[in-house]
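**Q** Just passing along the structure, written as structure tokens.
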Amino acid sequence: MTVILQVVVIVVGVCLLVSTIVLSWAKLRKQRQRSWHDLVADLYSLELDELHVVASDYLNPICGQITLEADEIWEIVGGYEGLKKMCENATIMLDLAAHAQRWNYLEASVVTERMRHDAVILRGAVLRVELGLLSGRMMKRFQVALPIRTQEAAAAYFLMRQRLLSLYECCNSDLYPSLANALQ
Amino acid sequence: MAPSVLDYALWAATILANVALLAVLLVRRRCREFPVFTVFIAYQVVVSVALYIVFRYGHPHWYSRCYWTSIYLEFLLEMAVVWEIVRIVMQPTGTWARDAKKMFLLGGGIGVIVAAALSWLLSPPALTVFDHLNAQINFFAGLVICELFIVMLLTSKWHGYGFRNHVFALLTGWTGWVVVAMIADFLESYEGNKAYLPILDRVRVIVILLAIAYMAFQFWLEEPARRDIPPEVLKYVQSLHGRIKKDIDKIGVT
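The listed protein sequences derive, respectively, from chains A and B. Just so you know, we're using the numbering used here here: the first sequence kicks off at 1 and counts up by one. Just so you know, we're using the numbering used here here: the second sequence kicks off at 185 and counts up by one.
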């Protein structure tokens, strides 16, 4: 490899590295500056009643567990866009749970940790859905599991929402109605 | 080229700035939360003074040896500071969230491989093999620290961890310091005798001075008090993490 090519590769690598650091840091800074009301205003609205059906089918299995078709599940969660909105909302919900530590530190700390696990399951499921959406033989196993992962994501999101609303219902009844309204 | 008065002034200013930051860390008792970073700043003070003495009164050959030895020790301390930030941000309850440690170590491992590959490509027109190797290792160290910053930011975002004021100030100031030092080292290794290099070196020192001043100011300010979690609740949270991991392993969710 010529010296010029080596230098070009290094310069591109360093530029990518530095720009990633700057972008990640800027996002973190922006996230830290958002107030409670900013966070609530940034929540996406999702079709909750239908989402409840998908999540309940996964979380509370009853007789006839194959009534929901794969296409139906995908449509109900709003497809890939819906899953992305869930991920965005999950990030905001974790910040809102951290806010609740001001009013009820102990309960909010434990609930935040539980929600963190739900968020990891949600993001992991969405990542596998993204891999399943790619074509190619290597992605076969992700494609087969696509409806299961979609339902898993919906269930994790629903759990997070329930945990957050219950937390606010207990520790800040003034803010609870606004939050419940935003998470409709 | 012999250092100018400005170079000596910047050298002295760096030592004084590090002393001021160290004093803030000790007086405001931030060293309790950031023991490794406090050691790192103390090390900077001692090394700067020692290098100045060797430079003024010792043989140039000795200065070179002392300088490179201090760089390697500094790299180890920098790795320890990164780990300290990770511990503070990602273990608020004293335990790792699911997959957080694995994600950080895996990302860090990939970062080390990428850094090694880029450093291997570095072939500066150095005078000796020793200089060549030192330039590569120095560049590698800068890259590794920058990549660990990225992995840390991504892992904390993925798991929804927030940064409190002091740790965010440390991250901000130190990122500027490390990034500028890495770019300057890279340019110096290729353009060792160009006329603009003293200017580049001064820019590097000024950025480091600004970073130290920013961190000292932020560490001086109080952040909202952190309330201690009672031991029984802490135990509950830690067992929660363990139980979830065990259950997930059992049902095979990956």
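For every residue, glycine included, the Cβ atom is placed at its ideal position computed from N, Cα and C.
Reducing DSSP to helix, strand and coil, say where N172 (chain A) ends up.
**A** Counting from one through the first sequence, the residue named residue 172 (chain A) turns up at place 172. N172 (chain A) falls in the coil class under three-state DSSP.
**Q** Which residues in chain B sit within 7 Å of G13 (chain A), going by Cβ to Cβ distance?
**A** Numbered from its first residue, the first sequence carries residue 13 (chain A) at position 13. L302, listed in chain order.
**Q** Tell me whether G185 (chain A) is buried or exposed, calling it buried when 16 or more other Cβ atoms sit within 10 Å of its Cβ.
**A** Residue 185 (chain A) lies beyond the range of chain A shown here (1 to 184); nothing can be said about it.
**Q** Can you list, in chain order, the stretches of the alpha helix (DSSP H) that have 4 or more residues and sit fully within the region 13-45 of chain A?
**A** Taking only runs of at least 4 residues, the alpha helix (DSSP H) segments lying wholly in the region 13-45 of chain A are 36-41.
**Q** Can the beta-carbon of R213 (chain B) be found closer than 8 Å to that of F403 (chain B)?
**A** Mapped onto the second sequence, residue 213 (chain B) falls at position 29. Mapped onto the second sequence, residue 403 (chain B) falls at position 219. Their beta carbons are not under 8 Å apart, which means R213 (chain B) does not touch F403 (chain B) by this criterion.
**Q** Compare the Cα-Cα distances from V351 (chain B) to each of B:D191, B:R216 and B:A207 and report the closest residue.
**A** In the second sequence, the residue the question calls residue 351 (chain B) occupies position 167. Answer by Cα proximity: B:R216.
**Q** Just the C-alpha distance for V362 (chain B) and F224 (chain B), rounded to the nearest angstrom, thanks.
**A** For this step, residue 362 (chain B) is matched to residue 178 along the second sequence. For this step, residue 224 (chain B) is matched to residue 40 along the second sequence. Their Cα atoms are separated by approximately 13 Å.
**Q** I'd like the list of long-range same chain contacts for R149 (chain A), defined as Cβ closer than 6 Å, with 5 residues on each side in sequence excluded.
**A** For the purposes of this step, residue 149 (chain A) is taken as the residue at position 149 of the first sequence. Here the set comprises A125, R128 and V129.
**Q** Given a cut-off of 8 Å on the beta-carbon distance, is the pair V233 (chain B) and I255 (chain B) in contact?
**A** As a position in the second sequence, residue 233 (chain B) is number 49, starting the count at 1. As a position in the second sequence, residue 255 (chain B) is number 71, starting the count at 1. Cβ distance not < 8 Å, so V233 (chain B) and I255 (chain B) don't count as in contact.
**Q** Is the beta carbon of L338 (chain B) closer than 8 Å to that of G293 (chain B)?
**A** If you number the second sequence from 1, residue 293 (chain B) lands on position 109. If you number the second sequence from 1, residue 338 (chain B) lands on position 154. No, they are not a contact pair.
**Q** Quick one: does I294 (chain B) have its CB under 8 Å from some CB of chain A?
**A** As a working mapping, residue 294 (chain B) is identified with position 110 in the second sequence. So, not an interface residue.
**Q** Roughly how many whole angstroms lie between the Cα atoms of D95 (chain A) and V231 (chain B)?
**A** Sequence index remark: in the first sequence, residue 95 (chain A) carries index 95 (1-based). Sequence index remark: in the second sequence, residue 231 (chain B) carries index 47 (1-based). About 42 Å.
**Q** Report the residue from B:L384, B:F401, B:S307 and B:A284 whose alpha carbon sits nearest the alpha carbon of V191 (chain B).
**A** Taking the first residue of the second sequence as 1, we reach residue 191 (chain B) at position 7. The sequence given here has Asp at residue 191 (chain B), not Val. Checked all of B:L384, B:F401, B:S307 and B:A284; the closest Cα to D191 (chain B) is B:L384.
**Q** By Cβ distance below 8 Å, which residues in the same chain neighbour I435 (chain B) in space, the five residues on each side in sequence not counted?
**A** Locating residue 435 (chain B) in the second sequence gives position 251, counting from the first residue. In this prediction, I435 (chain B) has a pLDDT of 49, which is less than 50 and means its spatial position is unreliable; nothing more can be read from the coordinates.
**Q** Counting beta carbon pairs with one atom in the region 320-332 of chain B and one in the region 67-79 of chain A, are three or more of them shorter than 8 Å?
**A** In short, these stretches do not touch, since the Cβ pair count stays below three.
**Q** Could you tell me the distance, in whole angstroms, from the CA atom of W36 (chain A) to the CA atom of S373 (chain B)?
**A** Residue numbering aside, residue 36 (chain A) sits at position 36 when the first sequence is read from its first letter. Residue numbering aside, residue 373 (chain B) sits at position 189 when the second sequence is read from its first letter. Whole-angstrom Cα-Cα distance: 49 Å.
**Q** Buried or exposed: where does F370 (chain B) fall if 16 or more other Cβ atoms within 10 Å of its Cβ makes it buried?
**A** Within the second sequence, the letter at position 186 stands for residue 370 (chain B). F370 (chain B) is buried by the Cβ-count criterion.
**Q** Using a Cβ-Cβ cut-off of less than 7 Å, give me the residues of the region 148-161 of chain A that come near chain B, in sequence order.
**A** Answer in chain order: no residues at all.
**Q** Going by beta carbon distance, what residues of the same chain come within less than 8 Å of V437 (chain B), once the five residues before and after it are set aside?
**A** Here residue 437 (chain B) corresponds to residue number 253 of the second sequence, with the count starting at 1. Below a pLDDT of 50, predicted positions are generally treated as unreliable, and V437 (chain B), at 47, falls in that range; the measurement from the model is reported next regardless. Answer for V437 (chain B): no residue qualifies.
**Q** Any heavy atom of the ligand NAP closer than 7 Å to the beta-carbon of R161 (chain A)?
**A** Absence of the ligand NAP from the depicted structure is noted, as is the absence of any ligand whatsoever, leaving it without description.
**Q** Check the C-beta distance from Q151 (chain A) over to Y58 (chain A) and give it rounded, since I have them as a contact under 8 Å.
**A** Here residue 151 (chain A) refers to the residue found at position 151 of the first sequence. Here residue 58 (chain A) refers to the residue found at position 58 of the first sequence. Contact holds; Cβ gap of about 5 Å.
**Q** Here's a check: name, in chain order, each residue in its chain whose Cβ is nearer than 8 Å to the Cβ of F288 (chain B), leaving out the five neighbours to either side.
**A** Residue 288 (chain B) sits at position 104 when you count from the first residue of the second sequence. V270, M274, V335, M336 and T339, listed in sequence order.
**Q** May I ask you to verify whether the region 342-360 of chain B touches the region 392-407 of chain B, counting CB pairs closer than 8 Å and requiring at least 3?
**A** The region 342-360 of chain B is in contact with the region 392-407 of chain B.
**Q** Hey, A196 (chain B) and V120 (chain A) are a contact pair by Cβ (cut 8 Å); roughly how many whole angstroms apart?
**A** Working through the second sequence from its first residue, we reach residue 196 (chain B) at position 12. Working through the first sequence from its first residue, we reach residue 120 (chain A) at position 120. That belief does not hold up - the Cβ atoms of A196 (chain B) and V120 (chain A) are roughly 49 Å apart, past 8 Å.
**Q** Tell me whether I148 (chain A) sits in a helix, a strand or coil according to DSSP, three-state version.
**A** Stepping through the first sequence from its first residue, residue 148 (chain A) is reached at position 148. DSSP places I148 (chain A) in helix when its eight states are reduced to three.
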